[in-house]
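Quick note, the sequence shown lines up with residues 48 to 158 if you use my numbering.
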Amino acid sequence: MNDEEFAAAQTRVEKLIEKWGHAIGMGWWKITYVWDRQGAPDGKGGQPVMMTRVNAAYRWATITVFLPNLPTDDDELETDLVHEFAHVLLGALIQVQPAKPILLSGNLDCS
Numbered sequence: 048m049n050d051e052e053f054a055a056a057q058t059r060v061e062k063l064i065e066k067w068g069h070a071i072g073m074g075w076w077k078i079t080y081v082w083d084r085q086g087a088p089d090g091k092g093g094q095p096v097m098m099t100r101v102n103a104a105y106r107w108a109t110i111t112v113f114l115p116n117l118p119t120d121d122d123e124l125e126t127d128l129v130h131e132f133a134h135v136l137l138g139a140l141i142q143v144q145p146a147k148p149i150l151l152s153g154n155l156d157c158s
């Protein structure tokens, strides 16, 4: 990936960050974006588009964007970014989850 391709790919993602960041509540978070120009396999034969790490206690997150792996379709890229934002928001819930699962009994029919 040359410098021109890098800048174009980064700009595509930054426009979506600007569009969605405050709309879904990311303004409370300190998010660092790492712009990876190499790409990385996920260990399962796939090529991840982004990877997120969350520290909910401090409202810090790092989203690594694997620029060579970005989809060419803007709608798909938008879905991928919102998906990573969901990881940030849900990370707080996962980190405070009890060590043992809570078992529910009774009628769980929600219809």
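Think of the CB as a built atom: it goes at the ideal place given N, C-alpha and C, for glycine as much as any other residue.
Contact set for Ala87: own chain, Cβ-Cβ below 7 Å, skip 5 residues either direction: These residues qualify, in order along the chain: Pro95, Phe113.
Classification of Trp75 by the beta-carbon crowding that lies within 10 angstroms, buried from 16 upward: The residue is exposed, with fewer than 16 neighbouring Cβ atoms inside 10 Å.
Outcome for Val135 when other beta-carbon atoms lying within 10 angstroms are tallied against a minimum of 16: Under a 10 Å Cβ-count criterion, Val135 is classified as buried, with 16 or more other Cβ atoms of the shown protein chains found around its own Cβ.
For Thr58, the first and last residue of its enclosing beta strand (DSSP E): For Thr58, no beta strand (DSSP E) encloses it; the enclosing alpha helix (DSSP H) starts and ends at 50 to 67.
Status (buried if at least 16 other CB within 10 Å, exposed otherwise) for Val101: Buried is the label assigned to Val101, since at least 16 other Cβ atoms lie within 10 Å of its Cβ.
Reduced DSSP secondary structure (H/G/I, E/B, other) of Asp83: Three-state result, Asp83: strand.
Beta-carbon spacing of Ala103, Gly72 below 8 Å: The criterion of a C-beta distance shorter than 8 Å is not satisfied by Ala103 and Gly72.
For Ala70, the three-state DSSP class (helix, strand or coil): If DSSP states are grouped into helix, strand and coil, Ala70 belongs with coil.
Classification of Asn49 by the beta-carbon crowding that lies within 10 angstroms, buried from 16 upward: Exposure of Asn49 is indicated by the presence of fewer than 16 other C-beta atoms within 10 angstroms of its C-beta.
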